Every structure is written in structure tokens, then in C-alpha cells.
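These protein sequence lines are chains A and B, in that order. At position 252 of the first sequence (counting the first as 1) the number is 252 in this note's numbering, and the numbers step up by one without a gap. Counting the second sequence from 1 gives a position; this note's numbering is that position plus 1000. Each residue gets a CB set at the ideal place from its N, CA and C atoms; glycine is no exception. No experiment lies behind these values; they were computed from the predicted model shown. Take a look at the structure set out below.
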Amino acid sequence: MSDNCGNLSVDFLAGFTIFIIAFIWVATMIPGLLIGLQAHNIDYDAVAYRTGVILVEDPGAAGKVIPGAPCYSGSDVSTVSGPWESQSDKCHIARFGLAVSKDTPGILDENKVNRFFCWTVSADPNDREKFSYPIDYQERAIFGDYPYRFNISLEVAGEERVRSIGDVIPDGNYGYIRRDVQIKGSSNATINKTIIQTKYWSKENVTTDVFTIHLNCTKLLGDIRHSPHQVDYRGYQIDPGLDNIIINITDLNTLHYPTSKTTTNLSSITINPGNMPLGAQYTYIDGNATPVGTLPSNVMSNISLVFPAGRVISDSMEVANPQLYITLTFKNTNPDPTINGTYGDWFLNSSMSGPFEYDYNMANVTQPQLQNGVLEVAVW
Amino acid sequence: MVNTEGQLYTIEGFAAALIMLMTAYLVVNATSIYTPGDTHISDMQLEVLGSDALAMINTAPNGTSESPLQTIVETNDGAMFGQIFNNIVNNRTNPGQDHIQFMANVSYVKSDNTVSSTTLLNKTRSLSGGEHAVRVSEWVIVEKKFPDSDSLRKRAVLVEVLLWRD
């Protein structure tokens, strides 16, 4: 007599074997599938795109980086004010962003660009201003939990060098984005012999001459529809609190009359209201590359006043005192007394004519210009 | 003696194997959309570049002059557009140029209130049909009279650029 108990187990064995073989084959595929799910690997392009948007379309923000982030001793995070690029302590910078404002995507501020590309590889705990690669940039521009490496480069038309931050871009897999941008430059005024003799030449023999420059912040910030085309655009705005202010006074040695002096004495530079002395570290005399340091000082022909953004005139100052006057006082105390029997001479003086207006008048002030550039972000 | 009791186990084995293989196939297909190098990423990069370049050309270098794009449309200077756009869109920080090709046209409203389009720049290289081209556009205010539009006055026109890589 026979039964079919044995047949059952053989068929079961065949089915179970097929199942196990398929199971093992699929199981061996799983590690390969998960490689593609590693977030930091597949989103290089997304991170590069996001970083590009943050840099090109956002003005950035000041403030403490993250709770518990290491700050240098003495850093007071409760008193952060002003834009991020004017923070002397990098601990007070929350987010990088190079745009002039949120309304001007693609228009970068030259001061933000200069500060952003001021970096070093080694972290110096005593250096509060320079950024360290990669940690300071990862926290403020790249973001994310994964410690991405990156390279950010900017080429500006007319500049020979390419500005760059980061490692050499690898040959292999990395995310990439390129943005075409424009960089807003600074305004500047050159007060030369022609301008001075037309309006600011005191035709009286005096021993103390005062020359004043007026920054009407209300008008500068409020009335930017100054052009014949009624352009209302922050890309062309002069903002004394956010932009460099550069004033060059030239040909001073040709102004002395009736004496034939070749030098004069720059006694002081003050900013009003408040009669606050302006640091001589912003004053360059007769083409010297280093600031004069202390006043009074003798001047032959040229004075350059270079006020870095946010250092002399701040946002809060613009609000509290929108009418700012920068006053230069000259002493001409040693003229030749034999000439006409006088002890003074004609020189640069705005007492009678009113102050020199630093405004949107192109005859007085060279307006901010936009330079083309290209910014590239690579992330891996 | 022959019976069919054992066959059931074999069929179940095959069914389980097929289910596992189908699941694996579905998973592979589902994750492949995240694969870097997919065309949508390069499309996005092209679109960003084209938009940036058009916005740049439509921005005057200072507050007193017209934007280059305004001047180009008003004078119908396609060669100038090609030169400026090419310099911007193919510029890189590293040595060497990119290889983005493009063509451009301008759309405007005619005197009978219908929209017409005119070519600003013919394609810089022939399209073979396999390219992943993207279109970007920018509104420009120009003072111009088109041949079939009404009188000379300020009007908004749409500049459209089609871009693709070699």
C-alpha cells in the first residue's frame, strides 16, 4: 500500500526553494537601492541652488548664529544692530546674503561681497572679523546637518582676479549652480578747482576757512526717482548708512590768493549735529595710501575722505539725524604779511555759498554704477 | 497514485517570488526620480541662467540711462542682443565659455488688439529636436512703433528667449 505523504514535502520543498532564492536576490539589491536614498548625496544640486538663491536674492541678516554657538568673550549678542556686513564681530552674523535688498534680486552690494570673501582656512579664536572655512560658511550660507564641502567663486567684469572661497572642486559628483549678477558700486564726489572756484572760493582774506558737506538722508533715501527716466530702484540709491561715502577734494594748492602758499593746515573734521570729531583714520592726504592718523595736519593739494559703510554713518544715525553735515576746518595762519598787508588769504570756504550737497546731482557726485559679474556655487 | 495536493506549495512559491520582484522593480523606479543628473535639474539651471541674463540686460547700468534691452528692442538690434546675451549667459568664473545656444523673439499687441510676434534674433545654431530647450521671458517698456501697431508710444512688449545646450 502506498500513500502520498512524501510527495507533499517534495513539492513544498520546490516552492520554498523558489521563494528563498527570490528573497535572497531581492535582499542583496537593497543596499544598492539605499545608496540612492542618502540625502546628502542626492541633493547636491538642491543645496547648490538654495545657496545660490540665499547669496544672490537675500540681503542677509545680523543676529546671533544659533543658540549655544561659540561666541568670543565679550561679545554682547543682545546689542546687534545694523546690517551683517558692518558687524565687526562675526558672532553677530546670522545669515549671509549679498543682495542690496530683497527688492533687488541679482544686484549685489560691493561691501557685502568684500566682507563675504574675507576668509581664512585656519580658525583663529582671536580673529573676530575674518571667516573660517568651512564652519562659518556652513552655518550661515550652506545650512543643513551634513557638513557639505563647497566652492563659491565670483568674477566681476573689470577685475583681474576671481574671488573664491572653499576647496578645489572634485572631478566626481557635485552639485552646481551659476547665477549672473550685477554688483552695485559706491558713489563718490570729486570737488576740484572748477567746482571750488565757481562756488566755494572765499574771496576774502581770512585765517580760518570752513568747508561743509551736506548729506540730506531724507532726500537720499526718500527721493530716488532722480533720473530723467524716473527710475525708482534701490540698485542706484545712495544710502550713507549702507554705502561707502568717498569725497575727494583736489587742487587745494592752487587756491591760495593773494599769497602763494603751497600748504594749508587741516585743523579738524567734525560731523554735525553733535560736533562729533571724525576719526582721522578715514582721512587720506596728498595721495598717501595710509590714513593721516592724527589732526591737525598739513595739506598740499588733495584730501580724500573715505567713510566705510556703517562705520561713520549708521542706520540709527540716519533716522535720528537725517541732516548730516561734515565740516572741515582749515587754518591759514602763516601767510606772507607783506602781500597787501593781510594775514589771511582766499581759500576753500562754504560759509557764504552754503554747503556742498552730496546728492543725486551728477554734476557734483558720481552715481553708483552696476558692474556685471557671474557667481558659481559648487557643493559636494 | 497521482494527485494535485503538492502543486499548491509550488504556485505559492512562484507567487511570492513574483511579488518580491515586482516590489523591487517599483522601488527602483520610485527612487530613480531623485537621481542626480536628471534632465529637470539641467533645465532648472538653464532657466535660472536665462532669467538672470534677461533681467541683467533689462537693468540700466546707472540711474540715468536706458536698459540695454530697451535700446535693443527699440532699434531692433538683434546682433547686439546676441552679443550681450552670449557674453552674459556663457560667462564662467573658470577659464573657458559655456555652450548655451539661444534664439529670441518679441511679442506685442497690434492695432487690432491681437498679439503678434517678431524675431529679434534667429537661432544661433539649428535645433535637431533632441535638445531640452527652456523658455524664459521678460517684460520691457519700450517707446516704439511696430509696423502693424498703432502710433509711436510707450508700450509693454514681451521678450522671449529659447535656450538650449549644445
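So is GLU160 of chain A buried or exposed if we call it buried at 16+ other beta carbons inside 10 Å?
The residue is exposed, with fewer than 16 neighbouring Cβ atoms inside 10 Å.
Which parts of the segment 98-134 of chain A are runs of the beta strand (DSSP E), unbroken and 3 residues or longer, counting only runs that do not cross its ends?
If only uninterrupted beta strand (DSSP E) runs of at least 3 residues are considered, those enclosed by the segment 98-134 of chain A are 107-109.
Does any residue of chain A have a CB that is nearer than 8 Å to the CB of ILE1088 of chain B?
Nearest CB-CB separation between ILE1088 of chain B and chain A: below the 8 Å threshold.
Using a C-beta to C-beta distance shorter than 7 Å, which residues of chain B count as neighbours of GLU155 of chain A?
Residues of chain B whose Cβ lies closer than 7 Å to the Cβ of GLU155 of chain A are, in chain order, THR1093.
Contacts of ILE1041 of chain B in chain A (Cβ-Cβ under 7 Å):
Residues of chain A passing the Cβ test: ASP45.
Beta-bridge partners of GLY373 of chain A, as assigned by DSSP
Residue pairing for GLY373 of chain A: DSSP places it in a beta bridge opposite A:VAL156 and A:VAL181.
Identify whether HIS1099 of chain B lies in helix, strand or coil by the three-state DSSP scheme.
Three-state result, HIS1099 of chain B: coil.
Rounded Cβ spacing between GLY235 of chain A and THR1059 of chain B (contact assumed at less than 8 Å)
7 Å between Cβ atoms; contact.
Report buried or exposed for GLN323 of chain A, applying the criterion of at least 16 other Cβ atoms within 10 angstroms of its Cβ.
Here GLN323 of chain A is exposed: its Cβ has fewer than 16 other Cβ atoms, across all protein chains shown, within 10 Å.
Check this for me: beta carbons of ASN302 of chain A and ASP286 of chain A, under 8 Å apart or not?
Their beta carbons are under 8 Å apart, which means ASN302 of chain A touches ASP286 of chain A by this criterion.
Please determine if the segment 175-190 of chain A and the segment 92-107 of chain A are in contact, where contact requires at least 3 C-beta pairs separated by less than 8 Å.
With the cut-off at 8 Å, the segment 175-190 of chain A and the segment 92-107 of chain A touch.
Unbroken beta strand (DSSP E) runs of length 3 or more, entirely within the segment 1080-1125 of chain B: which are they?
Segments of the beta strand (DSSP E) lying fully in the segment 1080-1125 of chain B: 1100-1109 and 1115-1121.
Pick helix, strand or coil for ASN302 of chain A, following the three-state DSSP scheme.
ASN302 of chain A: coil per DSSP, three-state reduction.
Which term fits VAL319 of chain A, buried or exposed, when burial requires 16 or more other beta carbons within 10 angstroms of its beta carbon?
VAL319 of chain A should be labelled exposed.
Runs of beta strand (DSSP E) wholly within the segment 186-254 of chain A (minimum 3 residues, chain order):
Fully contained in the segment 186-254 of chain A are the following beta strand (DSSP E) runs of length 3 or more, in chain order: 187-191, 201-206, 208-216 and 245-249.
In this structure, what does DSSP give as the bridge partners for ARG381 of chain A?
Any property of residue 381 of chain A remains undetermined from this structure, which presents chain A solely from 1 to 380.
Go through its chain and collect everything with a Cβ distance to ILE169 of chain A's Cβ below 8 Å, but skip five positions before and after it.
Residues of the same chain with a CB within less than 8 Å of the CB of ILE169 of chain A, apart from the 5 flanking positions on each side, are ASN151, ALA378 and TRP380 in chain order.
Closer than 8 Å to chain B by CB, PHE96 of chain A
Cβ-Cβ to chain B under 8 Å: no for PHE96 of chain A.
Please name the residues in the segment 1053-1070 of chain B whose beta-carbon is closer than 8 Å to at least one beta-carbon of chain A, in chain order.
Listed in sequence order: ALA1053, ALA1055, MET1056, THR1059, ALA1060, PRO1061, ASN1062, GLY1063, THR1064, SER1065 and GLU1066.
SER1111 of chain B: which of B:GLY1013, B:LYS1145, B:GLN1045 and B:SER1065 sits nearest, CA to CA?
Residue B:LYS1145 holds the alpha-carbon nearest to the alpha-carbon of SER1111 of chain B among B:GLY1013, B:LYS1145, B:GLN1045 and B:SER1065.
Is the Cβ of ALA1016 of chain B closer than 8 Å to any Cβ of chain E?
The structure shown contains no chain E; its protein chains are A and B.
Looking at chain B, which residues of the segment 161-189 of chain A have a Cβ within less than 8 Å of any of its Cβ atoms?
Here the close residues are VAL162, SER164, ASN173, GLY175, TYR176, ILE177, ARG178, ARG179, ASP180, VAL181 and GLN182.
Between GLN367 of chain A and TYR360 of chain A, is the Cβ-Cβ spacing less than 8 Å?
Taking 8 Å as the Cβ cut-off, GLN367 of chain A and TYR360 of chain A qualify as a contacting pair.
C-alpha distance - LEU255 of chain A paired with CYS118 of chain A, whole-angstrom precision
CA-CA distance, LEU255 of chain A to CYS118 of chain A, rounds to 42 Å.
Are the Cβ atoms of LEU252 of chain A and ILE269 of chain A separated by less than 8 Å?
Cβ distance not < 8 Å, so LEU252 of chain A and ILE269 of chain A don't count as in contact.
Interface residues of chain B facing PHE16 of chain A [CB-CB closer than 8 Å]
Chain B residues near PHE16 of chain A: TYR1009 and GLY1013.
At the level of alpha carbons, what is the spacing between PRO291 of chain A and ALA280 of chain A?
So the two alpha carbons sit approximately 7 Å from each other.
Answer with buried or exposed for MET276 of chain A, where buried requires no fewer than 16 other C-beta atoms within 10 angstroms of its C-beta.
MET276 of chain A should be labelled exposed.
Just to confirm before moving on: does the CB-CB distance between LEU1054 of chain B and GLU1138 of chain B stay below 8 Å?
Less than 8 Å divides the Cβ of LEU1054 of chain B from the Cβ of GLU1138 of chain B.
Strictly under 8 Å for the Cβ-Cβ distance: is VAL1106 of chain B near chain A by that measure?
Under the 8 Å criterion on CB atoms, VAL1106 of chain B is classed as non-interfacial with respect to chain A.
Cα-Cα separation, VAL121 of chain A to LEU1152 of chain B:
Taking the straight line joining both Cα atoms gives about 59 Å.
List the residues of chain B whose Cβ lies closer than 9 Å to the Cβ of GLU376 of chain A, in chain order.
Chain B residues near GLU376 of chain A: ARG1092, THR1093 and ASN1094.
Could you tell me which chain B residues have their CB closer than 7 Å to the CB of PHE19 of chain A, listed as they occur along the chain?
Here the neighbours are GLY1013, ALA1016 and ALA1017.
State whether the segment 1113-1131 of chain B contacts the segment 1078-1095 of chain B, with contact taken as three or more CB pairs (one from each stretch) at a distance under 8 Å.
Yes: at least three Cβ pairs fall under 8 Å.
Could you list which residues in chain A have their beta carbon closer than 9 Å to that of ALA1024 of chain B, in chain order?
What ALA1024 of chain B touches in chain A: TRP25, VAL26, MET29, ILE30 and LEU33.
Candidates A:TYR257, A:THR17 and A:LEU55, of which the one nearest ASN205 of chain A by Cα
Considering only A:TYR257, A:THR17 and A:LEU55, the residue with the shortest C-alpha distance to ASN205 of chain A is A:TYR257.
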